[in-house]
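Below is one structure, written out as structure tokens; comments come after it.
Following this line, the structure appears as structure tokens:
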């Protein structure tokens, strides 16, 4: 359209009249669309053309909105930040004024105008000056402009629709779109490709549930899509189904859930029915501990306002077989062989059970019925059925099938002691018959009746009894004869004769010879051939082809059957041949050749005829004849000898024999094979004994004077310290013996028997000085000692001293003994420092508060009390029962008892016994030698082999104490019996004095203990009898270590002991 253009700003009328070229008719703008409706976010093209009078020059073209001046100017949209990026001028400065506005929004809805600024060249300067004074330039704005309305899209739809109805959805905008629009519809954000739209409407005919969802619309060529609206399609229940949980097999006792599922809108209400009976409502119907009664058809009803629907499911409850029973269907009460029998098994189970039939324990068939057509005797027995399904198994009670039948399988067996009937034997014939009921038995020889009963016996049988026997078995159902058996008298072979068939009278190697054996026997005999006593063949004829000298000898045949045997007389085959198998044997009186003996060599040769014998030493002829003798043999006769055997058929040399002169062992030496260095406890040690003897010697090994092993090599695996000693070997053969020099095995080992002794051993009081000594058994002796209190290192050295001791020093101490082979900790010892009583409270355990006027039962509990501790007894109106006090204390009165004399003869030993008084009894004893830091032994007894002063240390968990040293003297072995008697007498006197002193000490201790008992009884006894209280207070520690030592008897009297003298 062409619209007039108003000049802006207007000039004075006089000016317009003067300048005719500037007339309103010459300015115009034509807008293609005066009203534009555009979709949000689209691009809008505002098309226009303009004209202007000639003579003007366009300086600027632009668009503005809503002609409101900002100051003296209309705003240029291209300079507006909201438009500058979206506005594009498509026109020119001639006549086209088209623009494009992109991504429009509803805020862009306005009136838009084209405007220009022009200047006319040629006006006088004064007019321009005047116009400029009025307005700088000629400015035009195209009116009435073009309006832009920006709209969005909205979908109109019913909220709910029922399945099957027709539905129309409308895509609406707030204005009529300027451009011709093609509407696009979206379902659930996906374009709908079906041609169901009409203009801005979407038609859904006979709507389905699948059509439910979110719908939106758009315009082709534009990206904007309307907000989605929800279309809700309602429909009655369908696809109704019931599921069973668990989904597997349902077994009696299970818990089962029935779950009803349906597809409906709105959601359906669920009700449950069993065989028309209402059970409950809800999507899930639960049955706990289901039983077979719950089996049946279940229905769920799904309903909503649009309709309802049923669906059914069957519950099949499984259970193992029960009530299993067998019934027997027989035509008569008695089953006779040939009858038909049917056994029927009934059982209650789900699923139906498989039925198996058993006779005894043997499977015989399957199926509910077990039929036997033409029953036989072997069908008799106990029958039962086994009912089994996947849930269990059950057997019926057994029924007995008893089939009657006439005798069958009648047979006769012959029992003879030897298995064969021989004259004089006793024979028993037994008739076996299978029948039901049992049959009557009769016996026949040939056709003659001879007896009745199952057994027919013949004693001292003779040839008259030979013949055929049978038995007849008969019952009410029939009879049957056995097959006949024959009695046959047999005998051993009676004659045996050998005859020789040979081409010539003389048998020479290479001939063929035949031997024939004849014999008389019943049954016929088996023939075996023997050469001498050696079996060589069997059969009546024995042939030798290409005979050799090995076949020479005496032959006989043995004729044998099961009743006996007979040998023929021997016949001799003499085959001649050249010498062979020449052998030399040596005959010596002693069996071994020793210098000075007489020796005889005998040459044995196999030849026919006998050969001539010659003797050779080396290659030198020394004699002839079968025997070659050497008297007073010397070493010169040693050497190899052989004999040569010769006859007319050839000659043969014997193998050489060696004459060997024997002698006794000459040297014996012991050496260590391994290890090559120091021997450490745990090593494996191998000793070897070398000796020179003929024959080789037998080796014996000695540890000291005690034999420990035999054989050239003596191995000690995992060697221990107690195996340190002198070792020697004895080399011995039947001609003599030789002892080796002794070899000392020095076994080194890491510390053992590590223990701590405390001095003083009595009660330790604050302020005392205490010495702890760490002792151990090790080789080499341990030189590194560490002390620990608890787990804390407190010092080093074998002796650990604490001066001016305080209660803070109380605790558990141990030491660690270390040498080059390892280290070991001692057991913990407790250092208990005593100090004055510090307001120690007395607690009394009583069921309730003690009242002065109500006696209570008071229980006093005690724990082991170490010597030196004190105990206070407080009495209320009633005394507790007495309890024994077992006072523990460390070893004391430690002494060494010499078993025998302190003086020993060189090579002997003396036994030292350590005794002590302690509670509990000391079990750990360590022996020391004066002026030596390491222990020399352990155990309550110790064997001293050397001179010196020895003492022992006795240990228990409360402490330790050492004895005084005793001196052992080793003397040379000389002097008369008088000195021995005198020494023994002195020893006995000393022993008697020691025993007497010991008995006095023991009696003193017992008296003290009884005194303690009496004081304890006086303190604790109120109403009890003294006899009962004394029994309660028996102390278990009255027997000391010394007491035990004196009552222990030595297994046998020691040499030169008091027992020997007395």
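Residue numbers (our numbering): 27 to 1088.
C-beta atoms are modelled at their ideal positions from N, C-alpha and C, and glycine is treated no differently.
(Q) Closest to residue 859 by C-alpha separation, out of 830, 792, 819, 920, would be which residue? (A) For the purposes of this step, residue 859 is taken as the residue at position 833 of the chain shown. The shortest Cα separation from residue 859 among 830, 792, 819, 920 belongs to 792.
Q | Distance CB(residue 196)-CB(residue 182) smaller than 7 Å | A | As a first step, residue 196 must be located in the chain shown, where it is residue number 170. As a first step, residue 182 must be located in the chain shown, where it is residue number 156. Against a cut-off of 7 Å, the Cβ pair of residue 182 and residue 196 comes out as a contact.
Q | CA nearest to the CA of residue 316, picked from 271, 303, 520, 338 | A | Taking the first residue of the chain shown as position 1, residue 316 is located at position 290. Residue 316 has its Cα closest to that of 271, out of 271, 303, 520, 338.
Q. Is DSSP giving residue 1061 helix, strand or coil here?
A. Taking the first residue of the chain shown as position 1, residue 1061 is located at position 1035. At residue 1061 the pLDDT is 32, less than 50, meaning the model places this residue with poor confidence and gives no usable figure here.
(Q) DSSP three-state label for residue 666, please. (A) Indexing the chain shown from 1 puts residue 666 at position 640. DSSP places residue 666 in strand when its eight states are reduced to three.
Q. Is there contact here, the region 767 to 777 with the region 745 to 758, by at least three beta-carbon pairs under 8 Å?
A. yes
Q | Residue range of the unbroken beta strand (DSSP E) whose run includes residue 53 | A | Counted from its first residue, the chain shown places residue 53 at position 27. Unbroken run through residue 53: none, as it is neither H nor E.
Q: Measure the alpha-carbon distance for residue 937 versus residue 854 and round it to whole angstroms.
A: Position 911 of the chain shown, counted from the first residue, corresponds to residue 937. Position 828 of the chain shown, counted from the first residue, corresponds to residue 854. Residue 937 and residue 854: Cα-Cα distance of roughly 31 Å.
Q. What's the gap between the Cα of residue 192 and the Cα of residue 245?
A. For the purposes of this step, residue 192 is taken as the residue at position 166 of the chain shown. For the purposes of this step, residue 245 is taken as the residue at position 219 of the chain shown. Their Cα atoms are separated by approximately 24 Å.
Q) CA-CA distance, residue 671 and residue 593? A) Counted from its first residue, the chain shown places residue 671 at position 645. Counted from its first residue, the chain shown places residue 593 at position 567. Whole-angstrom Cα-Cα distance: 37 Å.
Q: Please state if the CB of residue 784 and the CB of residue 985 are separated by a distance shorter than 7 Å.
A: Walking along the chain shown from the start, residue 985 turns up at place 959. Walking along the chain shown from the start, residue 784 turns up at place 758. Yes; because the gap between Cβ atoms is below 7 Å, this pair is in contact.
**Q.** Exposure of residue 494, with buried meaning 16 or more beta-carbon neighbours within 10 Å
**A.** Working through the chain shown from its first residue, we reach residue 494 at position 468. Residue 494 comes out exposed.
Q: With distances taken Cα to Cα, identify the nearest neighbour of residue 408 among 812, 930, 427, 534.
A: Translated into the one-based positions of the chain shown, residue 408 becomes position 382. Residue 427 is the option with its Cα nearest to residue 408.
Q | Residues of its chain near residue 794, where Cβ-Cβ distance is below 6 Å and the 5 sequence neighbours each way are ignored | A | In the chain shown, residue 794 corresponds to position 768, counting from 1. Around residue 794: 831.
Q) Just the Cα atoms here: how many angstroms apart are residue 328 and residue 260? A) Residue mapping note: residue 328 aligns to position 302 of the chain shown, counting from 1. Residue mapping note: residue 260 aligns to position 234 of the chain shown, counting from 1. Distance between the alpha carbons of residue 328 and residue 260: 15 Å.
(Q) Given this structure, state the Cα-to-Cα distance separating residue 900 from residue 834, to the nearest angstrom. (A) Here residue 900 is taken as the residue at index 874 of the chain shown, counted from 1. Here residue 834 is taken as the residue at index 808 of the chain shown, counted from 1. Low confidence applies here, because residue 900 scores a pLDDT of 38, under 50, leaving its location unreliable and the question unanswered by this model.
Q.
Please determine whether the Cβ atom of residue 854 lies at a distance below 6 Å from any heavy atom of the ligand SAM.
A. Of ligands this structure carries none, so the ligand SAM is not represented either.
Q.
Buried or exposed, going by whether 16 or more other CB atoms sit within 10 Å of the CB of residue 400?
A. Within the chain shown, numbered from 1, the residue matching residue 400 stands at position 374. Exposed: under 16 other Cβ atoms inside 10 Å.
Q: Could you pull out every residue in the same chain whose Cβ sits closer than 7 Å to the Cβ of residue 714, ignoring the five residues on either side in sequence?
A: Locating residue 714 in the chain shown gives position 688, where the first residue counts as 1. Closer than 7 Å at the Cβ level, and outside the excluded window around residue 714, lie 697, 699, 738, 739.
Q) Count the other CB atoms within 10 Å of the CB of residue 116; is the residue buried (16 or more) or exposed (fewer)? A) For the purposes of this step, residue 116 is taken as residue 90 along the chain shown, with counting starting at 1. The residue is exposed, with fewer than 16 neighbouring Cβ atoms inside 10 Å.
**Q.** Cβ-based burial, residue 344 [other Cβ within 10 Å; buried from 16]
**A.** Numbered from its first residue, the chain shown carries residue 344 at position 318. Classification for residue 344: buried.
**Q.** Beta-carbon separation (whole angstroms), residue 174 vs residue 134, contact threshold 8 Å
**A.** In the chain shown, residue 174 corresponds to position 148, counting from 1. In the chain shown, residue 134 corresponds to position 108, counting from 1. The Cβ separation is near 6 Å, so the contact holds.
Q.
I'd like to check one pair, residue 535 with residue 586: are the Cβ atoms closer than 7 Å?
A. Position 560 of the chain shown, counting from 1, holds the residue named residue 586. Position 509 of the chain shown, counting from 1, holds the residue named residue 535. Against a cut-off of 7 Å, the Cβ pair of residue 535 and residue 586 comes out as no contact.
Q: Would you kindly check if the distance between the Cβ of residue 717 and the Cβ of residue 691 is under 7 Å?
A: For the purposes of this step, residue 691 is identified with residue 665 of the chain shown, where counting begins at 1. For the purposes of this step, residue 717 is identified with residue 691 of the chain shown, where counting begins at 1. Yes; because the gap between Cβ atoms is below 7 Å, this pair is in contact.
Q) What residues are listed by DSSP as bridge partners for residue 374? A) Numbered from 1 along the chain shown, position 348 holds the residue referred to as residue 374. 348.
Q. Do the region 288 to 302 and the region 324 to 338 make contact, defined as three or more Cβ pairs closer than 8 Å?
A. yes
Q.
Let's test the definition: count the other Cβ atoms within 10 Å of the Cβ of residue 331 and tell me whether it reaches 16, buried, or not, exposed.
A. Residue mapping note: residue 331 aligns to position 305 of the chain shown, counting from 1. Exposed.
Q) Can we say the region 359 to 367 touches the region 416 to 434, given the rule of at least three CB pairs closer than 8 Å? A) yes
Q) What separation, rounded to the nearest whole angstrom, lies between the Cα atoms of residue 824 and residue 818? A) As a working mapping, residue 824 is identified with position 798 in the chain shown. As a working mapping, residue 818 is identified with position 792 in the chain shown. Taking the straight line joining both Cα atoms gives about 17 Å.
(Q) Among the candidates 980, 979, 975, 543, whose CA atom is the shortest distance from the CA of residue 995? (A) Numbered from 1 along the chain shown, position 969 holds the residue referred to as residue 995. Comparing Cα-Cα distances from residue 995 to each of 980, 979, 975, 543, the minimum goes to 975.
Q: With a floor of 4 residues, list each alpha helix (DSSP H) that falls wholly inside the region 692 to 776, ordered by position along the chain.
A: none
Q) Are the region 86 to 100 and the region 139 to 147 touching by the rule of at least three beta carbon pairs closer than 8 Å? A) yes
Q. Where do the ends of the beta strand (DSSP E) carrying residue 520 lie?
A. Start at 1 with the first residue of the chain shown, and residue 520 comes out as number 494. Note, residue 520: beta strand (DSSP E), 517 to 527.
Q) Under the three-state reduction of DSSP, which class applies to residue 428: helix, strand or coil? A) Counting from one through the chain shown, the residue named residue 428 turns up at place 402. Correct three-state label for residue 428: coil.
Q) So is residue 602 in contact with chain B if we call contact Cβ pairs under 7 Å? A) Of the chains in the structure shown, none is chain B; there is only one protein chain.
Q. Roughly how many angstroms lie between the CA atoms of residue 614 and residue 626, to the nearest whole one?
A. Position 588 of the chain shown, counted from the start, is the residue given in the question as residue 614. Position 600 of the chain shown, counted from the start, is the residue given in the question as residue 626. Going by the C-alpha atoms only, they are around 6 Å apart.
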